[in-house]
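Everything in the sequence shown is counted per UniProt numbering, starting at 1 for the first residue and increasing by one.
Using N, Cα and C, we set each Cβ at its ideal position, and we do this for glycine too.
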Amino acid sequence: MRPSDPVAIVEADPDDANAVQALYAPHVLTGTATFELVPPSRDDMARRIAAVREAGLPWLLARDGGDGRLLGYAYAGPFRARPAYRHTVEDSVYVDPAAAGRGVGTTLLRAVIDRCAAADVRQMVAVITTPGSEASEALHRRLGFETIGVLPGVGRKFGRWLGTLYMQRALGDGQATAPRAEG
1 MRPSDPVAIV EADPDDANAV QALYAPHVLT GTATFELVPP SRDDMARRIA
51 AVREAGLPWL LARDGGDGRL LGYAYAGPFR ARPAYRHTVE DSVYVDPAAA
101 GRGVGTTLLR AVIDRCAAAD VRQMVAVITT PGSEASEALH RRLGFETIGV
151 LPGVGRKFGR WLGTLYMQRA LGDGQATAPR AEG
């Protein structure tokens, strides 16, 4: 991808699981952005995509406008399982290292934010590994997220302790008004 190449944002479906799994696996095996230790299988990834979509939440792909190659993906999943959290989501963004620095993550996260706000989601939370994910922190800050807190030393990967930085952004009216539907 050249910096001038267009990026197409499209909805993912379970048939995209091979490409998504191939992009994600190196992040699991060599990076600390995720606390997973073993890459999910293609079938696991297909189930994850289906679950997010069935919940009415976005799972988006960024594809090269020229050759259709997957450049990155982002999605919003439930923040926690308990029902009182139903208007809050947690985002995830992963970009092919070859496409880093070209605005792919920004384009993806903006699109996820817009779709969640349109669905009357009221809060979005980012859980970011620290140290080691400074680019993700900067991305979220650029898009209006604020630091809420840090949980130091809660994960261990590659023989070292890692923490998580919590960032949050209100969507729509946030907590100022009730959502359109309580259910």
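Item: Buried or exposed by the 16-neighbour rule on C-beta atoms within 10 Å, applied to residue 175; Value: exposed
Item: DSSP three-state assignment for residue 109, whether helix, strand or coil; Value: helix
Item: Assigned exposure category for residue 105 - 16 Cβ within 10 Å defines buried; Value: buried
Item: Cβ shell of residue 128 (< 6 Å), same chain only, five flanking positions each side left out; Value: 136, 137, 165
Item: Proximity below 9 Å, CB of residue 12 to CB of residue 94; Value: no
Item: Beta-ladder partner(s) of residue 165, from DSSP; Value: 128, 150
Item: Euclidean distance between Cα positions of residue 83 and residue 66; Value: 42 Å
Item: Local conformation of residue 134 per DSSP, three classes; Value: helix
Item: CB of residue 168 within 9 Å of CB of residue 126, strictly; Value: yes
Item: Residue 94: first and last residue of the uninterrupted beta strand (DSSP E) it sits in; Value: 88 to 95
Item: Rounded straight-line distance, which links the Cα of residue 76 to that of residue 178; Value: 21 Å
Item: Paired residues, beta bridge with residue 170 - DSSP; Value: 123
Item: Residue 158 versus residue 24: straight-line alpha-carbon distance, rounded; Value: 17 Å
Item: Enclosing beta strand (DSSP E) for residue 42 [first to last residue]; Value: Run containing residue 42: none in the beta strand (DSSP E); it sits in the alpha helix (DSSP H), 42 to 54.
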